[in-house]
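First comes the structure, then the notes that go with it.
Number of protein chains: 4
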Amino acid sequence: MEAIGKRRWAIAEGYIPSGSVDPDDPALVSHETACILNAGEREAKVAITLFFKDRAPVGPYRVIVPARRTAHIRFNDLEEPEPVPRDTDYASVIEADVPIIVQHTRLDSRRAEIALMTTMAFADG
Amino acid sequence: MEAIGKRRWAIAEGYIPSGSVDPDDPALVSHETACILNAGEREAKVAITLFFKDRAPVGPYRVIVPARRTAHIRFNDLEEPEPVPRDTDYASVIEADVPIIVQHTRLDSRRAEIALMTTMAFADG
Amino acid sequence: MEAIGKRRWAIAEGYIPSGSVDPDDPALVSHETACILNAGEREAKVAITLFFKDRAPVGPYRVIVPARRTAHIRFNDLEEPEPVPRDTDYASVIEADVPIIVQHTRLDSRRAEIALMTTMAFADG
Amino acid sequence: MEAIGKRRWAIAEGYIPSGSVDPDDPALVSHETACILNAGEREAKVAITLFFKDRAPVGPYRVIVPARRTAHIRFNDLEEPEPVPRDTDYASVIEADVPIIVQHTRLDSRRAEIALMTTMAFADG
Numbered sequence: 115m116e117a118i119g120k121r122r123w124a125i126a127e128g129y130i131p132s133g134s135v136d137p138d139d140p141a142l143v144s145h146e147t148a149c150i151l152n153a154g155e156r157e158a159k160v161a162i163t164l165f166f167k168d169r170a171p172v173g174p175y176r177v178i179v180p181a182r183r184t185a186h187i188r189f190n191d192l193e194e195p196e197p198v199p200r201d202t203d204y205a206s207v208i209e210a211d212v213p214i215i216v217q218h219t220r221l222d223s224r225r226a227e228i229a230l231m232t233t234m235a236f237a238d239g
Numbered sequence: 115m116e117a118i119g120k121r122r123w124a125i126a127e128g129y130i131p132s133g134s135v136d137p138d139d140p141a142l143v144s145h146e147t148a149c150i151l152n153a154g155e156r157e158a159k160v161a162i163t164l165f166f167k168d169r170a171p172v173g174p175y176r177v178i179v180p181a182r183r184t185a186h187i188r189f190n191d192l193e194e195p196e197p198v199p200r201d202t203d204y205a206s207v208i209e210a211d212v213p214i215i216v217q218h219t220r221l222d223s224r225r226a227e228i229a230l231m232t233t234m235a236f237a238d239g
Numbered sequence: 115m116e117a118i119g120k121r122r123w124a125i126a127e128g129y130i131p132s133g134s135v136d137p138d139d140p141a142l143v144s145h146e147t148a149c150i151l152n153a154g155e156r157e158a159k160v161a162i163t164l165f166f167k168d169r170a171p172v173g174p175y176r177v178i179v180p181a182r183r184t185a186h187i188r189f190n191d192l193e194e195p196e197p198v199p200r201d202t203d204y205a206s207v208i209e210a211d212v213p214i215i216v217q218h219t220r221l222d223s224r225r226a227e228i229a230l231m232t233t234m235a236f237a238d239g
Numbered sequence: 115m116e117a118i119g120k121r122r123w124a125i126a127e128g129y130i131p132s133g134s135v136d137p138d139d140p141a142l143v144s145h146e147t148a149c150i151l152n153a154g155e156r157e158a159k160v161a162i163t164l165f166f167k168d169r170a171p172v173g174p175y176r177v178i179v180p181a182r183r184t185a186h187i188r189f190n191d192l193e194e195p196e197p198v199p200r201d202t203d204y205a206s207v208i209e210a211d212v213p214i215i216v217q218h219t220r221l222d223s224r225r226a227e228i229a230l231m232t233t234m235a236f237a238d239g
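Right under this line is the structure:
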């Protein structure tokens, strides 16, 4: 399939609550996700940079999304160069060497019931 | 009405939870929907391709949206070429031969209360 | 302020649940809203057309948004040419004679807790 | 990092519920947020103007977002030229002297459980 998307995306919202009612169920742990689709025929080398309120940006976090595959990246799982702090406002810029699609999702389970939100990220250029 | 929209759309998020508190109420079963609007004067032939994390894309799933009509397609209901797996990350590309609008929605009823999320899909070109 | 926005918008999702846990509280009754911002110096004459799955479009519903004002239009409250059916999939096209911004929101209170979703509508042209 | 975004954004939805189940937990108080990302190398001078249903716009509210930082601005916290009224429909235009990204979020805790919604704001020009 012909590639679809853009090479540069941004998400201004970011916040991983430290609490979850049921921390033993991975699907229902509070998390923030960057869902990335690489519909094209070439592997995507993705670099994520995190921005904060009162300190320098951190990154890049490097992720590979194979050709014709999707990767739903949980910010909770990012480890290198450092884990994403909980209960802290952040934002992100996501850059790739081929066109990709980026959609942002949060599942919040601080309370007994889950809350969900999603939006397409902002596509630059 | 003059056609409105684009011919190529993408949704990077996709996940149909297998669980629902009340599986006997179709309106409240956990589901993901691609809401398609064909505001123009010609029938839309729509092809949906699904992308996964670790296997080849599946599709096309074929849907007809008549002229001047909307179709809210539940991914849960797609059957050919194969049903959409539950509890599995996926993404989708939606292509049509005339301009359409695509909006993505999830209703999640794994817990007693429902959670909702929606976004316009990414419009290409 | 200089006008901002577009003259033609579309929302592919539409569904007003008939049920609400507490139908006596207007703020918490299940509803769908088209939030319209007219930031410019001229009154906006807005026409809303509704699309359905299996019958002809209905409209236009006519709304005036004064210059430099916002109007949060509940689809529940549209009466002319006919009320919007409950528990029915629909979609909408929103046209104005000056640039406006349109954002779509649903508050769903079929269960004891509310669920929310929102997205910018699709801006044409 | 090269600047990313636009200089003029709009959010048509705005509504801060006066009620919160647990008003003593700042993270869970009902709030509306404009998440702003300034990924570029120059400080952003941001001006927010609020629009209402039946009175003149109010503003500008002035906010500085340093270079390479994010600021998640709660409308609840805006004080000058006047606080944002509760239980009142509003909309906003957000302007900056350098490119920024704006994402809109509401956390609603009128009921015991929270509801979330988010969308990228509309980027003009």
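Going down the list, the protein sequences come from chains Z, C, U and P.
The first sequence begins at 115 in my numbering and counts up one residue at a time.
The second sequence begins at 115 in my numbering and counts up one residue at a time.
The third sequence begins at 115 in my numbering and counts up one residue at a time.
The fourth sequence begins at 115 in my numbering and counts up one residue at a time.
Ideal placement from N, C-alpha and C gives every residue a C-beta, glycine not left out.
Query                                                                                                                  : Result
U/Ala-161 versus C/Cys-149: straight-line alpha-carbon distance, rounded                                               : 21 Å
Chain A within 8 Å of U/Tyr-175, Cβ atoms only                                                                         : Within the model displayed, chain A is absent; protein chains Z, C, U and P are what it includes.
Outcome for Z/Asp-222 when other beta-carbon atoms lying within 10 angstroms are tallied against a minimum of 16       : buried
Interfacial residues, the segment 117 to 131 of chain U to chain C, with Cβ spacing under 8 Å                          : Arg-122, Ala-124, Ile-125, Ala-126, Glu-127, Gly-128, Tyr-129, Pro-131
Entirely enclosed beta strand (DSSP E) segments - the segment 151 to 224 of chain P, minimum 3 residues                : 158 to 166, 172 to 179, 183 to 188, 204 to 222
Min CB distance P/Glu-227 to chain C below 8 Å                                                                         : yes
8 Å Cβ cutoff met for U/Glu-157 and U/Pro-180                                                                          : yes
Where C/Ala-141 sits in the DSSP three-state scheme                                                                    : helix
Within-8 Å CB hit, P/Leu-230 to chain U                                                                                : yes
U/Glu-116 - DSSP class collapsed to helix/strand/coil                                                                  : coil
Within-8 Å CB hit, Z/Phe-189 to chain P                                                                                : no
Whether U/Met-231 touches U/Gln-217 by CB criterion (8 Å)                                                              : no
Residues near C/Arg-182 by beta carbon distance below 6 Å, same chain, minus five either side                          : none
Status (buried if at least 16 other CB within 10 Å, exposed otherwise) for C/Lys-159                                   : exposed
Coil, strand or helix - U/Ala-237 by DSSP                                                                              : strand
Cβ separation of U/Leu-164 and U/Gly-154, assumed to be a contact under 8 Å, to the nearest whole Å                    : Incorrect: roughly 26 Å between the Cβ atoms, too far for contact.
Cβ-Cβ separation, U/Lys-167 to C/Thr-184 (assumed contact under 8 Å), whole Å                                          : 6 Å
Members of the segment 186 to 219 of chain P that neighbour chain U once the beta carbon cut-off is set at 7 Å         : Asp-203, Tyr-204, Ala-205, Val-207
C/Thr-147: contacting residues in chain P (beta-carbon distance under 9 Å)                                             : Those do not exist, as C/Thr-147 stays about 17 Å from chain P at its closest Cβ, beyond 9 Å.
Reference C/Thr-147, options C/Val-212, C/Pro-213, C/Ile-187, closest by Cα                                            : C/Ile-187
Interface flag, P/Ala-153 vs chain Z, CB-CB below 8 Å                                                                  : yes
Neighbour flag for P/Asn-233 against chain C, beta carbons, 8 Å                                                        : Note that residue 233 of chain P corresponds to Thr in the displayed sequence, not to Asn. Yes - at least one Cβ of chain C is within 8 Å of the one on P/Thr-233.
Cβ contact (3+ pairs, closer than 8 Å) linking the segment 121 to 131 of chain Z and the segment 194 to 211 of chain Z : yes
CB of U/Leu-142 within 8 Å of CB of U/Ser-134, strictly                                                                : yes
For U/Leu-151 and U/Ile-228, believed in contact at Cβ under 8 Å, the rounded distance                                 : Not really, about 24 Å apart at Cβ, beyond 8 Å.
Beta-bridge partners of Z/Ile-125, as assigned by DSSP                                                                 : Z/Ser-206
is_contact[Z/Ile-150, chain C] using C-beta, thresh 8 Å                                                                : yes
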